[in-house]
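Worksheet: one structure, shown below.
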Amino acid sequence: MTFLAKPKVRHPSLPKNSLGLTRRDYEGSMSTLCAGCGHDSITAAVIEACWGLALEPQNLVKLSGIGCSSKTTAYFVGGGHGFNSVHGRMPSIAMGANAANRDLTYIGVSGDGDTLSIGLGQFCHAIRRNLNMLYIIENNGVYGLTKGQFSASADVGTQAKRGEVNRQPPIDPVLLALTLGAPFVARSFSGDKQQLVPLIQAGIRHRGFAMIDVLSPCVTFNDHEGSTKSYAYAREHYDPAVNADFVPFAREITADYSAGESLPIVMHDGSRIVLKKIAPDYDPTDRIAAMAKIQAGMRRQEFLTGMLYLGRGDREFHDLNEMPQTPLNAIPYGQLTPGSKGLDKILARFR
Amino acid sequence: MQDRTNDFALKIATVNGTGSASANTLLMKSIFRSGIPVMGKNYFPSNIQGLPTWYEIRVSHNGYVARSGQIDLMVAMNAETYARDVREVASGGYLLYDSTWPRPTVFNRQDITILGVPLAQMCNENFDGLRTRILMKNICYAGVLAALLDLDLERIRELLAETYAKKPKLVDANMRAIDLGYGYARKHLHCPLPLKVAPLSQTANHIMIDGNTAAGLGCLYAGATVAAWYPITPSTSLMDAYKAFADKWRVDKATGKKNFAFIQAEDELAAIGMVLGAAWNGARAFTATSGPGISLMGEFIGLAYYAEVPAVIFDVQRVGPSTGMPTRTQQCDVLSAAYASHGDTKHVLLLPRDPEECFYFARDAFDLAERLQTPVMVLSDLDIGMNDWPCPDLKWDDSYQPDRGKVLSAEQISKLEKFQRYLDADGDGIPYRTLPGAHPKGAYFTRGSGHNQYGGYTEDAAEYQLVIDRLVHKFQTAKTLVPRPVVDRNPRVDIGLIAYGSSDGAVREARDLLRARGININYLRVRAFPFGEEVEQFLEQHRLLFVVDQNRDAQMRSLLTLETRVEKAKLRSLLHYSGLPISSEFIVAGVLAEVGTAARVVGVSA
Numbered sequence: 001m002t003f004l005a006k007p008k009v010r011h012p013s014l015p016k017n018s019l020g021l022t023r024r025d026y027e028g029s030m031s032t033l034c035a036g037c038g039h040d041s042i043t044a045a046v047i048e049a050c051w052g053l054a055l056e057p058q059n060l061v062k063l064s065g066i067g068c069s070s071k072t073t074a075y076f077v078g079g080g081h082g083f084n085s086v087h088g089r090m091p092s093i094a095m096g097a098n099a100a101n102r103d104l105t106y107i108g109v110s111g112d113g114d115t116l117s118i119g120l121g122q123f124c125h126a127i128r129r130n131l132n133m134l135y136i137i138e139n140n141g142v143y144g145l146t147k148g149q150f151s152a153s154a155d156v157g158t159q160a161k162r163g164e165v166n167r168q169p170p171i172d173p174v175l176l177a178l179t180l181g182a183p184f185v186a187r188s189f190s191g192d193k194q195q196l197v198p199l200i201q202a203g204i205r206h207r208g209f210a211m212i213d214v215l216s217p218c219v220t221f222n223d224h225e226g227s228t229k230s231y232a233y234a235r236e237h238y239d240p241a242v243n244a245d246f247v248p249f250a251r252e253i254t255a256d257y258s259a260g261e262s263l264p265i266v267m268h269d270g271s272r273i274v275l276k277k278i279a280p281d282y283d284p285t286d287r288i289a290a291m292a293k294i295q296a297g298m299r300r301q302e303f304l305t306g307m308l309y310l311g312r313g314d315r316e317f318h319d320l321n322e323m324p325q326t327p328l329n330a331i332p333y334g335q336l337t338p339g340s341k342g343l344d345k346i347l348a349r350f351r
Numbered sequence: 001m002q003d004r005t006n007d008f009a010l011k012i013a014t015v016n017g018t019g020s021a022s023a024n025t026l027l028m029k030s031i032f033r034s035g036i037p038v039m040g041k042n043y044f045p046s047n048i049q050g051l052p053t054w055y056e057i058r059v060s061h062n063g064y065v066a067r068s069g070q071i072d073l074m075v076a077m078n079a080e081t082y083a084r085d086v087r088e089v090a091s092g093g094y095l096l097y098d099s100t101w102p103r104p105t106v107f108n109r110q111d112i113t114i115l116g117v118p119l120a121q122m123c124n125e126n127f128d129g130l131r132t133r134i135l136m137k138n139i140c141y142a143g144v145l146a147a148l149l150d151l152d153l154e155r156i157r158e159l160l161a162e163t164y165a166k167k168p169k170l171v172d173a174n175m176r177a178i179d180l181g182y183g184y185a186r187k188h189l190h191c192p193l194p195l196k197v198a199p200l201s202q203t204a205n206h207i208m209i210d211g212n213t214a215a216g217l218g219c220l221y222a223g224a225t226v227a228a229w230y231p232i233t234p235s236t237s238l239m240d241a242y243k244a245f246a247d248k249w250r251v252d253k254a255t256g257k258k259n260f261a262f263i264q265a266e267d268e269l270a271a272i273g274m275v276l277g278a279a280w281n282g283a284r285a286f287t288a289t290s291g292p293g294i295s296l297m298g299e300f301i302g303l304a305y306y307a308e309v310p311a312v313i314f315d316v317q318r319v320g321p322s323t324g325m326p327t328r329t330q331q332c333d334v335l336s337a338a339y340a341s342h343g344d345t346k347h348v349l350l351l352p353r354d355p356e357e358c359f360y361f362a363r364d365a366f367d368l369a370e371r372l373q374t375p376v377m378v379l380s381d382l383d384i385g386m387n388d389w390p391c392p393d394l395k396w397d398d399s400y401q402p403d404r405g406k407v408l409s410a411e412q413i414s415k416l417e418k419f420q421r422y423l424d425a426d427g428d429g430i431p432y433r434t435l436p437g438a439h440p441k442g443a444y445f446t447r448g449s450g451h452n453q454y455g456g457y458t459e460d461a462a463e464y465q466l467v468i469d470r471l472v473h474k475f476q477t478a479k480t481l482v483p484r485p486v487v488d489r490n491p492r493v494d495i496g497l498i499a500y501g502s503s504d505g506a507v508r509e510a511r512d513l514l515r516a517r518g519i520n521i522n523y524l525r526v527r528a529f530p531f532g533e534e535v536e537q538f539l540e541q542h543r544l545l546f547v548v549d550q551n552r553d554a555q556m557r558s559l560l561t562l563e564t565r566v567e568k569a570k571l572r573s574l575l576h577y578s579g580l581p582i583s584s585e586f587i588v589a590g591v592l593a594e595v596g597t598a599a600r601v602v603g604v605s606a
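Chains as they are written, first to last, in the working numbering: chain X, 1 to 351; chain G, 1 to 606.
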């Protein structure tokens, strides 16, 4: 959502994917977000992920609601079809679009306000239907466009830019998604592209609802001392050596993680949030155990990141509803109507 | 009482949840199958069991389908409502009651004939089990009515056999109850009454169907593949009907797969969102709701208007405001639908008068929504949607092909230098659109925020206005595409009446009644919004115009004054908003009150 078209600067030496497209071909229009916004890093990760997977741009559907995060669908894969809908209602647009054409790739980008407050209901029900999409939450704990109100993901005790302290407990999208039966649940950090890109790729390739909650600090309204989602501290204490490789869906997701690595983020009072790589005893295929570990971590103010849960054999929306392989929008009209002969039979009941 | 063969109204007062619906349907269908035009209206509570409910049957050789406003025979089966039910019987009429128990209030009226039948006693003696006895008591009064009205017992047996084809024992039990009532009445009462039926042949090539079923069927035939909704009275049966038809006719015989998506949404906001997503992606998609749902869908309807996404919405109107009376009828969403959503928005409305038009307008709604790339709302109401109406057989033209509107094919896109989503290339206000995945050059960004004619984001005044003004132009084009009004006009008459939707039946009868008094009134039935030139002409052609609205605030009159050149002072409202369907008597009284004696308009008698 920008006034500025992004100049297409190409260099012959830019690497190409199997479609012969460069990363530039997966860019969108110029971001109008604040300089240094975590969301732009996520946009870059999405571009990298889509390029890496060699997605046909026109087969990508980009969906969003309202908010800073929701603007970002305009900033990647300009050759894809975007639908910037209304606040908190992106999942229903995604549901309808997906029902009409199951052959396209659906990426929804939302924020903590868009998903956890106004859109909480639709988020939950998209999970229940096992809608086949990648749902990215760009989570910064504040409402940016309206200048810094707490969102529902703000932690207890965190301080707003103007000094107000949040007393309401947060809604954690990861725990919520796990409770509701989401088959693919991940958490990451906008500054950890190494971890994020493969998660996005796995989420795109996954059949069914894939959610990635990405901590994405707001440089303007939540980047001060006292905030538990402060970007500056995160960057300062971030260990760039911690990487994850692209993890194809078919392989064991946890295999490439180094056991026990953690990324400490020190808060103003000296307490720490720890972005932690998955521990060796963490089983991302056991929903109940995963929830227990995540909750135990949160109690210690550590945030487990990575591929937190991956279910197997889940049936997505079309399977659950016994729908055909042919997208509904491609079924010829002749197959959809009983015709005048059928009508004679139908009307017999009403005589 | 004079002979009233095939011309009377009877009303049955019962308690809901006691199975009286089967008895009432049985009665009505047996009359219908005897070739006599008949209409049933169900006045039921927003409740599952235990509250008063009424069923009114209008038998009319003239084919009148509205309430006459008069009850000739009351079947008073509900002690709780006895007093008012007795009061409602027209002078000279009849009252049938269960004489198992004494009912002193029954005898308050000296001007009506009281008929007592010990229904409960007979059923208690002949059937076992509380539930069976209650159910059979209803069938038993149907038997009494069969004798009183001279219904054909063979028709009744035939209907029971069809209803209980898989449970033949029930046919016998039900028939036994019919015979009990029939036998008692023949023995103890003077049968038949002057209110009776005699076979006609006026219902050949007709069906009895409710508007929701007809609309659901229309969606099936229109090729709708995505149905999303949130349950709400009185629209739910539309979705139930679509699903039942689709389960039967849309399942691939070879694979068993369903060529449709039927999604029960978490709320109306999600339901309309799903419709938009699906329609944006090239499927025919619809939802059905009622007034509260229209309120909730407002934001998305505005998005669809501005981003130009097709959507079909059935609004089966019920009594508002707020929760109102969910099982009573009104036409109270006209304004909220016409201007649904914030900002400058206007929407196409289709206004069916009965189930037949629900079927055809369902098809038209999809064609219009895709042609115009905008939401189209079909404004039905509870009276149309949930009551069985006699209608001519629905017809389907096998040469029909859906109008998918200006959707560019991959080949067309490939030839474009650049795709421009919101450009008025043809001068009709309707731009071209592409479907996701069609072609690399077809991609664009759909948004509810400010956009220019090329589809780009804008906050520029001129660019914004260009698009918003084109939408006005598109709405002008819509005037030429929507169903035309039905006009019945004598050029020598300068008084007109405008009505829409379910009021039509009452208006047609009222015009006959007024004509019998020497008062002729021209009639325009509005079938869509925006109003076309024919509406303007009719407004100009008359010095005085009645506007019939089934709402308190004269919503159609308001819409006419806002959207046409008419002088407000020429319009007189006839407003009926009790929650019951409008009656012919009400319209006659309203017209007479305004035009005074027939002498004032005698010059127009023709």
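The beta-carbon is built from N, C-alpha and C at its ideal position, and this holds for glycine as well. Quick caveat: nothing in here was measured; it's all calculated off a predicted structure.
Please check if any C-beta of chain X sits within less than 8 angstroms of the C-beta of residue i.
| i | result |
| --- | --- |
| residue 303(G) | yes |
| residue 259(G) | yes |
| residue 361(G) | no |
| residue 207(G) | yes |
| residue 263(G) | yes |
| residue 229(G) | no |
| residue 101(G) | no |
Quick check: the Cα distance between residue i and residue j, rounded to an integer number of angstroms?
| i | j | result |
| --- | --- | --- |
| residue 22(X) | residue 108(X) | 23 angstroms |
| residue 112(X) | residue 418(G) | 36 angstroms |
| residue 80(G) | residue 43(G) | 16 angstroms |
| residue 589(G) | residue 82(X) | 57 angstroms |
| residue 19(X) | residue 25(X) | 11 angstroms |
| residue 429(G) | residue 478(G) | 10 angstroms |
| residue 99(G) | residue 77(G) | 10 angstroms |
| residue 460(G) | residue 73(X) | 22 angstroms |
| residue 47(X) | residue 343(G) | 35 angstroms |
Give a yes or no on whether 8 angstroms exceeds the smallest Cβ distance from residue i to chain G.
| i | result |
| --- | --- |
| residue 340(X) | yes |
What do you reckon, are the CB atoms on residue i and residue j nearer than 8 angstroms?
| i | j | result |
| --- | --- | --- |
| residue 78(X) | residue 29(X) | yes |
| residue 336(G) | residue 301(G) | no |
| residue 90(X) | residue 119(X) | yes |
| residue 658(G) | residue 374(G) | Residue 658(G) is absent from the model: chain G starts at 1 and stops at 606. |
| residue 197(X) | residue 185(X) | no |
| residue 310(X) | residue 284(X) | yes |
| residue 221(X) | residue 142(X) | yes |
| residue 216(X) | residue 166(X) | no |
Excluding five sequence neighbours on each side, which residues of the same chain lie with their C-beta closer than 6 angstroms to the C-beta of residue i?
| i | result |
| --- | --- |
| residue 33(G) | 155 |
| residue 346(X) | none |
Taking 7 angstroms as the limit between beta carbons, can you name the residues of its chain near residue i, skipping five residues before and five after?
| i | result |
| --- | --- |
| residue 140(G) | 119, 122, 123, 177, 180, 181 |
| residue 605(G) | Reliability fails at residue 605(G), whose pLDDT of 34 lies under 50, so the model's placement of it is uncertain and the value that follows must be treated cautiously. Excluding positions up to five away in sequence, the list reads 518, 520. |
Quick one: residues in its chain with C-beta nearer than 8 angstroms to the C-beta of residue i, no 5 flanking neighbours on either side, listed in chain order?
| i | result |
| --- | --- |
| residue 243(X) | Below a pLDDT of 50, predicted positions are generally treated as unreliable, and residue 243(X), at 31, falls in that range; the measurement from the model is reported next regardless. Closer than 8 angstroms at Cβ, skipping near neighbours: 194, 195. |
| residue 46(G) | 233, 325, 326, 327 |
### Query
Of the residues that make up the region 304-327 of chain X, which ones have a beta carbon closer than 9 angstroms to any beta carbon in chain G?
317, 318, 321, 322, 323, 324, 325, 326, 327
#### Entry: Near-chain G residues of the region 98-125 of chain X - C-beta to any C-beta below 9 angstroms
98, 99, 100, 101, 103, 104, 121, 122, 124, 125
### Task
Please list the residues of the region 432-458 of chain G that have a C-beta atom closer than 9 angstroms to any C-beta atom in chain X, keeping them in chain order.
434, 435, 436, 437, 438, 439, 440, 441, 442, 443, 444, 445, 446, 447, 448, 449, 456, 457, 458
### Query
Looking at chain X, which residues of the region 397-422 of chain G have a Cβ within less than 7 angstroms of any of its Cβ atoms?
398, 401, 402
### Task
Using a Cβ-Cβ cut-off of less than 9 angstroms, give me the residues of the region 57-70 of chain X that come near chain G, in sequence order.
57, 58, 59, 60, 61, 62, 63, 66
### chain X contacts made by the region 231-253 of chain G, where a contact means CB separation under 9 angstroms
245, 248, 249, 250, 251, 252
### Query
Between the region 171-200 of chain X and chain G, which residues of the former have CB atoms less than 7 angstroms from a CB of the latter, in chain order?
none
### Task
Using a Cβ-Cβ cut-off of less than 7 angstroms, list which residues of the region 20-43 of chain X approach chain G; keep chain order.
none
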